[in-house]
Every structure is written in structure tokens, then in C-alpha cells.
Amino acid sequence: MKVSFYGTRGSCPSPGKDTVKYGGNTACTLVESNDGRKLILDAGTGIRKLGDELIKQNDDIYLLVTHNHYDHIQGFPFFKPIYQQKRKIYIYPAITEPNEPQAIIEQMRGSYSPIASNMISADIQFQIHDWSQQPLMINGFSVIRQPMNHPNGGMSYLISCDNKTVAYVTDNELNAPNFVVSKAQCKNFVANVDLLIHDGQYTESDMPLKLGWGHSLISECLDLAIQGKVKNLAIYSHDPERTDSELDQLQEEINDISQAVNAFLSIEGQTIYL
Numbered sequence: 012m013k014v015s016f017y018g019t020r021g022s023c024p025s026p027g028k029d030t031v032k033y034g035g036n037t038a039c040t041l042v043e044s045n046d047g048r049k050l051i052l053d054a055g056t057g058i059r060k061l062g063d064e065l066i067k068q069n070d071d072i073y074l075l076v077t078h079n080h081y082d083h084i085q086g087f088p089f090f091k092p093i094y095q096q097k098r099k100i101y102i103y104p105a106i107t108e109p110n111e112p113q114a115i116i117e118q119m120r121g122s123y124s125p126i127a128s129n130m131i132s133a134d135i136q137f138q139i140h141d142w143s144q145q146p147l148m149i150n151g152f153s154v155i156r157q158p159m160n161h162p163n164g165g166m167s168y169l170i171s172c173d174n175k176t177v178a179y180v181t182d183n184e185l186n187a188p189n190f191v192v193s194k195a196q197c198k199n200f201v202a203n204v205d206l207l208i209h210d211g212q213y214t215e216s217d218m219p220l221k222l223g224w225g226h227s228l229i230s231e232c233l234d235l236a237i238q239g240k241v242k243n244l245a246i247y248s249h250d251p252e253r254t255d256s257e258l259d260q261l262q263e264e265i266n267d268i269s270q271a272v273n274a275f276l277s278i279e280g281q282t283i284y285l
């Protein structure tokens with residue numbers, strides 16, 4: 012299995028000379044099996060570049076959405092495969108509050124988008140399943156999901172294939188004042204995974220102002236990874252205001268304090284082989 016990051020920012024894109032190393036695109040990650048099957052996680056602005064690659068192929072596309080905040084769906088109108096006739100795209104929406112499973116295409120309407128959703132040529136099929144019967148098999152991947160602590164809700168995903176497991180937890184406040192999922196539940200969900208991709212948008216300096224905004228501290232991610240005995244931790248959803256130099260400094264601090272887990276800040280364009 013391999014995992015590739017096409018977008019690692021949280022909240023909004025942050026292009027410019029100060030974000031060249033870690034990237035400025037919002038959430039999009041690709042998981043690939045050893046035999047080439049693919050699973051896309053989220054459709055932030057990073058999915059545009061992924062679309063440039065997938066348009067050259069004919070395989071059906073499988074997309075899991077964690078939630079409908081704009082940084083996780085805003086790249087979808089620019090995802091070229093949706094304009095390919097006869098291309099099949101299966102979308103697995105999250106449960107949100109309010110529950111709007113088709114938000115990813117409903118954003119393409121009115122004055123919000125120059126291209127309306129009725130101009131999509133691909134065969135888009137929304138997959139609404141009873142997730143109480145987990146795991147669900149999606150394109151050969153075993154998938155389990157769990158709610159996240161985030162405003163309006165959302166879902167984390169546990170993805171297994173080739174005897175490897177990835178936990179994708181993008182927007183999750185581990186110490187949320189009004190939690191939906193406890194820290195114990197989070198630990199059990201990610202326990203012993205080969206790769207944990209977890210939201211680490213904030214540092215201690217962001218608190219208490221941003222308490223309850225739905226994101227975790229980097230230090231909390233490290234604690235979760237150590238307690239859950241994960242093998243590798245990719246810290247995700249970087250704050251859009253963080254520069255490359257600031258993220259480099261945070262990586263140095265992580266290296267100094269984290270000996271029990273291989274922890275690193277995710278980088279746009281990075282591929283991890285498990």
C-alpha cells in the first residue's frame with residue numbers, strides 16, 4: 012500500500028513563496044493498493060492535480076468525503092474526470108449536521124460556480140450505506156468509519172488493504188469541550204495502525220482562543236499516536252498561516268520530543284510506502 016498527499020492544508024488554500032515546501036492546497040489524499048486500486052480521501056483543492064493524472068485512465072473512481080466544509084470539497088468542480096462521459100465516480104458522503112450528502116455537487120449552483128452541476132458528464136453515484144454493518148468493502152479496501160469532534164460533524168476513516176491499515180482523521184479536536192467521540196474511543200480507533208493521518212492544525216499558542224474550533228494540537232496528536240502504539244504519524248491540516256520556516260521549526264521540535272513514534276508533518280507531493 013502507498014499513500015500520497017495532494018493537499019495538506021486546513022481551512023483554506025495558502026499559495027505563495029512561504030508555503031512552497033509543505034504546499035498550499037487543501038485536503039486530498041490518495042491511497043493505492045499494491046495491485047493499483049485507488050481510494051481518494053476528500054476533494055479539497057489538491058484533487059485538481061490528482062484529476063490531471065486520473066483523466067488519463069479509465070478506472071472507476073472511489074471518493075470518501077470526511078465532511079462538507081469547503082476546504083474538503085472545493086476542488087471537486089475542478090476535478091477533470093467529472094467531465095468525462097461514461098466515467099463512473101462513486102462518492103461516499105459523511106454524515107453531517109445538517110445531513111447534506113450531495114453538498115459536493117450542490118456547491119455548483121447559482122452564483123457560486125460558473126459551471127452548474129448539470130454540466131457534469133460523468134456518471135456520479137452517491138453511495139448511502141448502513142455503516143452499522145462495518146467494515147464496508149470499497150474497491151477492495153476494508154473501510155470502517157467513526158465520527159469526528161468537529162463543528163457540523165464529520166467522519167474519520169480506517170482503511171485496510173495488503174495487510175496494512177491507515178487511519179485518516181482530518182478535523183478532530185481531541186480535547187473538544189463538547190465531544191462526540193472520547194479520547195479513549197479515538198485511541199481505540201487508531202490503535203496499532205501502520206499510518207495515522209491526524210489533524211494537527213494548532214499549537215499551544217493558539218489556545219484558548221481557538222478552543223472548540225474543531226482542531227487538535229500537534230502535542231495531542233503525538234500523545235494519541237504514542238498511546239495508540241501507531242507506527243507512523245503524519246500530522247495533517249496545517250494552519251494556512253504557517254510558513255515553511257515555521258513548520259520546519261515545528262518538525263525540529265517534534266524530532267526532539269518524539270522518540271516512541273515516527274512523526275512528521277505531511278508534505279504536499281509526498282508518497283509514503285507501507
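Numbering (the numbering used here), first residue to last: 12 to 285.
Even for Gly, the Cβ is constructed at its ideal location relative to N, Cα and C.
- Taken atom to atom, the span from the alpha-carbon of His161 to that of His209 is near 13 angstroms.
- Residue pairing by DSSP places Asp234 opposite no residue, since no beta bridge is assigned to it.
- Per DSSP, the unbroken beta strand (DSSP E) holding Ile100 starts and ends at Lys99 to Tyr103.
- For secondary structure counted as the beta strand (DSSP E) over 3 or more consecutive residues, the segment 95-177 holds these complete runs in sequence order: 99-103, 134-137, 147-149, 152-158 and 166-172.
- Take Leu52, set aside five residues on each side of it, and the residues of its chain with a beta-carbon closer than 6 angstroms to its own are Thr40, Leu75 and Tyr179, in chain order.
- Note on geometry: alpha-carbon atoms of Leu235 and Glu184 lie some 12 angstroms from one another.
- Setting aside the 5 residues that flank it on each side, Leu276 is surrounded in the same chain by Ile246, Leu258 and Gln262, each with a C-beta closer than 6 angstroms to its C-beta; the list follows chain order.
- The closest CA to that of Lys49, considering only Phe89, Phe87 and Met12, is found on Met12.
- Under the DSSP assignment, Lys13 falls in the beta strand (DSSP E) whose first and last residues are Lys13 to Gly18.
- With a cutoff of 8 angstroms on beta-carbon distance, Phe190 and Gln157 are scored as not near each other.
- Burial is judged here by how many other beta carbons sit within 10 angstroms of a residue's own beta carbon; Met130 has fewer than 16 and is exposed.
- Only residues of its own chain outside the window of five on either side were considered, and among them Tyr17, Gly18, Cys39, Ile51, Gly86, Phe87, Phe89 and Phe90 have a CB closer than 8 angstroms to the CB of Ile58, listed in chain order.
- In the structure shown, Asn266 adopts helical secondary structure according to DSSP, grouped into three states.
- Following the DSSP letters along the chain, one finds Ala195 inside the alpha helix (DSSP H) bounded by residues Lys194 to Val201.
- DSSP places Tyr33 outside both helix and strand once states are collapsed to three, so it counts as coil.
- The three-state secondary structure of Asp210, taken from DSSP, is strand.
- A straight-line Cα-Cα distance of about 9 angstroms links Ile283 and Leu206.
- In the three-state scheme derived from DSSP, where H, G and I count as helix and E and B as strand, Glu257 is classed as helix.
- A straight-line Cα-Cα distance of about 34 angstroms links Pro104 and Ser216.
- Counting the other Cβ atoms within 10 Å of the Cβ of Met148 gives fewer than 16, which makes it exposed.
- No residue range can be given for Lys28, since it is assigned to no alpha helix (DSSP H) and is classified by DSSP as neither H nor E.
- Residue state for Lys49 is assigned as strand, using DSSP reduced to three classes.
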